[in-house]
Amino acid sequence: MNVDNEEINRRIEEKHRLVPGKSALLVIDMQHGFLDEGASLEVETGRAIIPAIGQLINAFRGKKAPVIFTEFVYADNVPCLRGDPFGVEHLPAKAGEPTGLGHPSSNCLIGPNAAEGVESAETVEALVPLPGELVVQGHTYDKFYGTPLDLSLRSQGITHLVATGITTDVCVSGTVISGTTRDYRVTLCIDGVASPFPDLHDAALKLLAHKFARLKTSDKLIAELASF
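Per the working numbering, the very first residue in the sequence shown carries number 844; after that it's consecutive.
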C-alpha cells in the first residue's frame, strides 16, 4: 500500500492548528491523589510535567482562551469498575487495615467521607484553577462521559482542544478518543502527559498519533498561540 505520509502530515497540521477563539486547553486529572508523594496511586512521572502544563495554562489564559480541568473521582453512591476490580485504592479505607497500593485507600474519594491529604481528589496547588474556570469531576476514564464537558465546549464555540495530564494510557487516551468521536480536533502535548508505565506511555502516543490526535511539544503550542 502506497501512503503519502508527507501529505497526511500536512493535512493533520492544517486541520489541527489552533484557531483563535475556538481553542481550549484540557488539564486532565492532575490531582493530589495521583501526584503527591506517598499517594496510593502515585504517578511520580506526573510531577515532571507540571512546568510544561503550567506554561501552557499561562499561555491560554493570556489569550483569554478556556482552560478546563478534569478530576477523576470515586463516590460511595457511584460505584464503578474503576474501584472494583481495576482500582481498589479508590474504595473507602477501612479502619485499622492497611492502605496504599493494592488496598482500599479512599483515593480521590468524594462525598461525606472525602479523601484528604495525599489521597485528595483536588487539583494540585501548582496548577490550581482560577475562580470561574471549569472543573469537571468524572467517574470514568473518559471525561466526556456523564459530564458537562461537551456542553461547555460547544456553548463556547470550541472546536480545537489541547490535551495534557495523566495518565497517557488511561484517562488521557480515553478522553482524547472520546473528543475526536465528537468531532473535536485534538492536539496532544507530548511533554505535558505522563504514565507510570513507559511502555504503555509510548504505545499510547503511537496509537493516538495514528488515528486520533496531532502530537506537539508545549513550546510549539505556545508559539502557535502567540501567533494569534
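Note that the Cβ used here is the ideal one computed from N, Cα and C, for glycine as well.
Looking at the DSSP output, residue 910 sits in a beta bridge with 868. Taking a contact to require three or more Cβ pairs closer than 8 Å, the stretch 867-885 and the stretch 901-915 qualify as touching.
Taking C-alpha positions only, residue 954 is separated from residue 851 by approximately 47 Å. Under the criterion of beta carbons closer than 8 Å, residue 1065 and residue 899 qualify as touching, at roughly 7 Å. Pairing residue 895 with residue 1068 gives a Cβ-Cβ distance that is not under 9 Å.
Counted as a single uninterrupted DSSP element, the alpha helix (DSSP H) harbouring residue 859 occupies residues 848-859. A direct Cα-Cα distance of roughly 31 Å separates residue 959 from residue 1047. Annotation for residue 1058: the continuous beta strand (DSSP E) segment containing it runs 1057-1059.
In the three-state reduction of the DSSP assignment, residue 999 falls in the coil class.
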